């Protein structure tokens, strides 16, 4: 579980930092504008820090791991809703990128859920 959380945290924080550093050009490339990209970046950096904090300590708490999975599921759901309802004016590149960023978040949520289930069976 800890390795999954560390990888999840690192990836999320790195992408979020990239969004913050390059918010203006990415906002133009993806379509929604600087503020949306910077906001997503800030959420991702904070989320990465929170996941890293959850991974610390001798044993990752089940509640913390569930919170991480819930956060990932929420991100996926909001991203899908944004696509379905056209909440953001995305370019073609932005549409493709949105689908590409959904995939690893969903994958980590699935892997972390599997780790939680394995922990429960082993307990």
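Numbering (this note's numbering), first residue to last: 6 to 128.
All C-beta atoms, glycine included, are put in the ideal place defined by N, C-alpha and C.
As the structure is a computational prediction, the values presented were derived from the model and not from experiment.
Sequence-distant partners of residue 107 (beyond 5 residues in either direction) whose C-beta falls short of 6 Å from its own C-beta, in its chain, are 81 and 84. Following the DSSP letters along the chain, one finds residue 16 inside the alpha helix (DSSP H) bounded by residues 7-26. The C-beta distance from residue 60 to residue 7 rounds to 5 Å, short enough to fall under 8 Å. Residue 42 sits close to residue 31, with the two beta carbons spaced by under 7 Å. Taking the CA atoms as reference points, residue 47 sits about 14 Å from residue 15. Rounded to whole angstroms, residue 74 and residue 120 show a C-alpha spacing of 11 Å. Contact between residue 9 and residue 116 holds, with the beta-carbon distance rounding to 5 Å and staying under 8 Å.
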